[in-house]
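Sequences listed follow chains H and Z, in order. Numbering-wise (my numbering), the first sequence opens with residue 2 and increments by one. Numbering-wise (my numbering), the second sequence opens with residue 498 and increments by one. We put the CB at the ideal spot given by N, CA and C, even for glycine. It should be emphasised that the depicted structure is a prediction, and the values quoted were computed from it without experimental measurement. Shown next, in structure tokens, is the structure this report addresses.
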Amino acid sequence: MKVDRTELTWWERLYLPTLLNGFKVTLRHFFSWKRSGVYGDKQKGYAAKTTMQYPEEKWDVPTGYRGAPYLVKDADTKTKCVSCQLCEFVCPPRAIRITPPGDSGVVDREGAEKMPKEFEIDMLRCIYCGFCQEVCPEEAIFLLEDYAITGENREELIYDMEKLLALGGADKRAYDHHVQDGVGEGIKKWETKTREAGEQAKFH
Amino acid sequence: MFATITELFAAPWVMTLLKVVAVFAVVMPMVAYSVVAERRISAWIQDRVGPNRVGIPFTNIKLLGLGQPLADGLKSFVKEDFTPAHVRKVFYWMAPAVAMVPSFVVLAVLPFGSMLGKQKMVIADLDVGILFTFGIVSLGVYGVVLAGYASNSKYPFLGGIRSSAQMISYEIAMGMAVVPVFMLVGDLNLGAVIDYQASGAWLVFKQPLAFAIFLIAIFAETNRLPFDLPESETELVAGYNTEYSSMRFALFFMGEYAAMIAGSALMVVLFFGGWTLPFGDFFNTPAQSSIGKGLVHIGVFIAKIAMFLGLMIWIRWMLPRFRYDQLMNIGWKRFLPASLANIILTAIVLWVLHS
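As structure tokens, then:
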């Protein structure tokens with residue numbers, strides 16, 4: 002295909018009109034303290050360019066975001082994890098290490114046979130795949146909203162059970178974060194799975 | 498050797514040394530801060546924020562990011578200075594210095610103020626100032642060409658080749674453009690150019706065409722954006738400095754900005770009246786005894802340079818790069834004839850006026 006080029010007039014070929022246009026456009030953007038503002042719209046009163054000034058401003062973590070995996074507690078602030086070690090086995094980078102309780106039999110809630118003696122996640126190994134959350138039958142581990150995991154050395158980034166529980170908090174937070182498909186109160190994995198299976202049957 | 502302090506300061510080389518140190522002490526921070534200005538202005542033009550974090554070290558005072566040069570400098574020093582195995586080492590090591598030195602040497606002949614005490618505010622008051630300037634400015638290309646050659650790699654090589662062709666063609670247009678200025682002034686001394694403008698109108702009003710060509714040629718000489726073909730990062734990775742890292746790269750970078758400052762200073766001296774301002778005697782007569790007046794003159798000169806630096810930065814983020822044949826076309830087919838015509842025109846006008 003032949004594209005016909007527009008004949009430029011003498012005035013246009015002087016570059017001057019484009020030059021002036023360039024000055025105009027750049028000046029407009031130079032002084033656009035408030036008008037542009039992808040993030041400025043969200044936060045009123047903040048005169049923003051498109052840049053998000055990170056540590057001071059943070060983006061809204063979307064629902065279902067897979068951040069760092071933490072352990073959550075139940076409504077009575079008891080440990081939900083029952084040390085079944087499914088997450089440990091499913092973890093692709095082997096970031097999780099669970100020390101089972103052995104014969105000690107210490108549990109802090111009713112209905113649980115055992116709880117882990119130690120539960121460690123190496124945040125440097127974790128790839129945030131969410132398999133642990135998916136596999137957990139007790140809904141005890143969730144990928145929450147934290148995405149900026151930093152530390153000064155490698156040891157510091159191996160989170161132990163105490164830290165994971167503290168960071169995970171009561172499981173309300175996990176539910177809030179993972180509200181999906183009209184299942185507002187609790188995820189109730191088993192129900193979701195049953196429903197999904199039913200839907201699949203209908204499909205065939 | 499010297500009996501008294503007075504005797505020491507009477508020696509001409511001492512004052513020259515002091516002036517050299519003073520010029521360095523002013524120009525180096527100017528280089529550093531024009532880099533910051535470049536980054537901030539580019540950011541604002543592109544609706545970004547730019548570096549606004551670094552302030553006074555070890556405090557939380559941010560100062561609008563004015564501490565950035567410290568961080569940049571420290572980074573350049575601390576980074577690994579990597580010399581690739583395939584380079585021609587001697588030339589590779591030499592090139593950054595060769596690129597940087599000419600821009601500073603040019604500053605030697607530029608009158609940056611009127612008088613301070615009994616001293617003329619110019620390091621070397623050469624009678625052939627402009628010839629010296631052009632001679633040195635044209636050396637700047639060797640650093641780039643040498644870097645391109647020494648890197649022994651295709652992109653830097655292309656950058657160096659482009660640079661040599663571009664610089665040489667624009668050098669001619671630039672030299673031709675200022676000829677009418679000296680026809681009017683009748684002296685090659687840059688101080689005389691300023692004196693001429695102090696007593697009359699600035700030369701930009703008498704020689705607008707010469708100024709336009711000179712301005713654009715300066716852009717080409719300093720590898721600034723409409724003509725940054727030696728570097729052209731979208732085509733040649735980073736052109737001549739592709740293989741350079743850490744402080745060597747920083748030297749190229751500083752050389753570029755020092756060349757901008759030298760070019761701006763040259764424009765100010767030749768076309769914008771140097772340290773003079775057209776507001777009465779205070780700004781137009783040399784400061785004989787008053788130190789304050791002398792300092793104001795220096796301040797005026799620096800302010801004018803800063804304006805030109807701002808313009809150069811602004812243009813960089815406004816115009817896209819020229820294609821190579823367009824660049825050559827403009828240089829040889831437009832500017833060279835235009836500047837020659839300007840010379841002839843000026844000659845005719847002068848001949849008519851004086852006969």
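Which partner residues does residue i have in the DSSP bridge list?
i, result
"D123 (chain H)", "H:I159"
"K617 (chain Z)", "Z:M612"
"T80 (chain H)", "H:K74"
I want to see whether chain Z comes within less than 9 Å of residue i, judged by CB atoms only; does it?
i, result
"V26 (chain H)", "yes"
"E13 (chain H)", "no"
"A141 (chain H)", "no"
"Y47 (chain H)", "Since pLDDT at Y47 (chain H) reaches only 47, below the 50 mark, its modelled position is unreliable, and the value read off the structure follows with that caveat. No, Y47 (chain H) does not count as interfacial toward chain Z."
"F120 (chain H)", "no"
"F31 (chain H)", "yes"
"S37 (chain H)", "Since pLDDT at S37 (chain H) reaches only 46, below the 50 mark, its modelled position is unreliable, and the value read off the structure follows with that caveat. Answer yes: the Cβ-Cβ gap between S37 (chain H) and chain Z drops below 9 Å somewhere."
"T10 (chain H)", "no"
"R6 (chain H)", "no"
Taking residue i as the reference, give the member of the options with the closest Cα.
i, options, result
"G564 (chain Z)", "Z:V533, Z:E718, Z:F702 and Z:K615", "Z:V533"
"L515 (chain Z)", "Z:Q616, Z:V551 and Z:V701", "Z:Q616"
"A69 (chain H)", "H:L20, H:T51, H:C130 and H:P94", "H:C130"
"G796 (chain Z)", "Z:F716, Z:A644, Z:I827 and Z:A762", "Z:A762"
"A670 (chain Z)", "Z:G789, Z:T503 and Z:L824", "Z:L824"
"E153 (chain H)", "H:G169, H:D147, H:L125 and H:P102", "H:L125"
"E140 (chain H)", "H:G169, H:T10 and H:I122", "H:G169"
"L687 (chain Z)", "Z:I558, Z:A714, Z:G807 and Z:G771", "Z:G771"
"A800 (chain Z)", "Z:L567, Z:M815 and Z:M764", "Z:M764"
"M618 (chain Z)", "Z:T843, Z:D684, Z:M673 and Z:V766", "Z:V766"
"Q663 (chain Z)", "Z:L837, Z:I827, Z:W848 and Z:T843", "Z:I827"
"F716 (chain Z)", "Z:P593, Z:K576 and Z:S666", "Z:S666"
"V513 (chain Z)", "Z:S539, Z:L613 and Z:L833", "The sequence shown places Thr at residue 513 (chain Z), rather than the Val named in the question. Taking only the C-alpha atoms, the option nearest T513 (chain Z) is Z:L613."
"P94 (chain H)", "H:L72, H:T27, H:T151 and H:C133", "H:C133"
"Q86 (chain H)", "H:V107, H:K118, H:G65 and H:R110", "H:K118"
"A582 (chain Z)", "Z:S648, Z:L567, Z:T630 and Z:S729", "Z:S648"
"W541 (chain Z)", "H:R155, H:I159, H:A167 and H:R29", "H:R29"
How is the alpha helix (DSSP H) around residue i delimited, first residue to last?
i, result
"Y667 (chain Z)", "K651 to V682"
"V511 (chain Z)", "P509 to I542"
"R734 (chain Z)", "Checking the sequence, you will find Val at residue 734 (chain Z) rather than Arg. No alpha helix (DSSP H) holds V734 (chain Z); DSSP gives it neither H nor E."
"Q565 (chain Z)", "Q565 to V575"
"V690 (chain Z)", "L687 to S696"
"Q785 (chain Z)", "Neither: Q785 (chain Z) is in no alpha helix (DSSP H) and is coded neither H nor E."
"Q823 (chain Z)", "Y821 to M825"
"R14 (chain H)", "W11 to R14"
"N22 (chain H)", "L17 to F31"
"P599 (chain Z)", "K586 to V603"
"I841 (chain Z)", "L833 to H851"
"V701 (chain Z)", "L700 to K703"
"L607 (chain Z)", "Looking at the DSSP string, L607 (chain Z) is not in any alpha helix (DSSP H), and its letter there is neither H nor E."
"E753 (chain Z)", "S743 to F768"
"L643 (chain Z)", "G637 to A647"
"L628 (chain Z)", "G626 to V634"
"F776 (chain Z)", "It is not in any alpha helix (DSSP H) - F776 (chain Z) carries neither H nor E in the DSSP assignment."
Since residue i meets chain H, which of its residues come closer than 8 Å, beta carbon to beta carbon?
i, result
"L816 (chain Z)", "L20 and G23"
Tell me which residue opens and which closes the beta strand (DSSP E) that residue i is part of.
i, result
"T100 (chain H)", "I97 to T100"
"Y71 (chain H)", "P70 to L72"
"F143 (chain H)", "I142 to L144"
When you compare the CB of residue i with every CB in chain H, is at least one pair closer than 9 Å?
i, result
"W811 (chain Z)", "yes"
"S836 (chain Z)", "no"
"Q543 (chain Z)", "yes"
"N549 (chain Z)", "yes"
"A707 (chain Z)", "no"
"P538 (chain Z)", "In the sequence as presented, Pro is not what sits at residue 538 (chain Z); that position holds Ile. Closer than 9 Å to some Cβ of chain H, the Cβ of I538 (chain Z) qualifies, so yes."
"L833 (chain Z)", "no"
"N839 (chain Z)", "no"
Give a single yes or no on whether residue i has its beta carbon closer than 8 Å to a heavy atom of the ligand PLP.
i, result
"K81 (chain H)", "The ligand PLP is not part of the structure shown, which contains no ligands of any sort."
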